[in-house]
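Protein chains in written order, with our numbering: chain A, -15 to 99; chain B, 82 to 193. Backbone N, C-alpha and C fix where the C-beta goes; we use that ideal spot for every residue, glycine too. Written below as structure tokens is the structure these notes are about.
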Amino acid sequence: DAGVIQSPRHEVTEMGQEVTLRCKPISGHNSLFWYRQTMMRGLELLIYFNNNVPIDDSGMPEDRFSAKMPNASFSTLKIQPSEPRDSAVYFCASSKQTGGKTPLHFGNGTRLTVT
Amino acid sequence: SQQGEEDPQALSIQEGENATMNCSYKTSINNLQWYRQNSGRGLVHLILIRSNEREKHSGRLRVTLDTSKKSSSLLITASRAADTASYFCAYDYTGANSKLTFGKGITLSVRP
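Structure follows, in structure tokens:
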């Protein structure tokens, strides 16, 4: 079991640039979640998918953020254009089911710095 | 916000002592989970307790749930320096469209 794999681990970009974060969930997991973690706001759920379909994107801050899951083994989170306030650690997590019925398995995150 | 509270925010203890961390939430839940996060890493699941359960054990971990008080506690017995980490509770509110809400975390430091 390779775990949830995220790339890149670190991303430094200038304001206005496009940023794409990638995630490979654990094989066999049906649900995928994108979280953002900051000191001020803690861990925030941005969007989650079930069977590759977006179920709830109410946590996506604004239209600059978009997420896709083209197949069961890959998801992206895109920020375009990026702003300094987007600086945070972005986590992808997967689970066998949605909600709190089964544990979430987290990747090691992407630390995004927008200057 | 539906986010509850955790206390203490930070805890420093000596190796071998027990650590107790508390979590409160706002409305009825289906399940509650506890996670650990080491610096620079993702969260790791520790234990899940369902709303109809009152206590669960896993190794040196003991979790209790009191739905009447809307609170849970995590006890780590005989702590080790390797237990130094941040600990989070997470809960899915009844009718919350299957979303997990995380607390802000408790920082535990275990001194060798």
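Mind checking which residues open and close the beta strand (DSSP E) that includes G26/A? First-last of the beta strand (DSSP E) with G26/A: 26 to 34.
For the stretch 163 to 183 of chain B and the stretch 95 to 115 of chain B, state whether three or more C-beta atom pairs, one from each stretch, are separated by less than 8 Å. yes
For K52/A, write down the residues that DSSP places opposite it in a beta bridge. T60/A
Please list, in chain order, all residues of the same chain as C7/A whose beta carbon is under 6 Å from its beta carbon, the five residues on each side excluded. Q(-10), S59, C76
Leaving aside the five residues before and after E67/A along the sequence, list all residues of the same chain whose C-beta is less than 7 Å from its C-beta, in chain order. Short of 7 Å from the beta carbon of E67/A, and not among the five residues preceding or following it, lie these beta carbons of its own chain, in chain order: M(-1), V98.
By the DSSP assignment, the beta strand (DSSP E) with E136/B in it spans what residues? 136 to 139
Contacting residues, own chain, Cβ-Cβ under 7 Å from R161/B (five flanking each side not counted): E96, V191
Would you decide whether G91/A is buried or exposed? Buried here means 16 or more other CB atoms lie within 10 Å of its CB. buried
Run through DSSP, which three-state label would R69/A get? In the structure shown, R69/A falls within a helical segment according to DSSP collapsed to helix, strand and coil.
Beta-carbon neighbours of K85/A, restricted to chain B and to distances below 7 Å: N112
Exposed unless 16 or more other CB atoms sit within 10 angstroms - verdict on A51/A: buried
Segments of 3+ residues assigned as beta strand (DSSP E) that fall wholly inside the stretch 145 to 171 of chain B: For the stretch 145 to 171 of chain B, whole beta strand (DSSP E) runs of length 3 or above, ordered along the chain, are 152 to 157.
Would you tell me roughly how many angstroms separate the C-alpha atoms of E98/B and Q81/A, rounded to the nearest one? 36 Å
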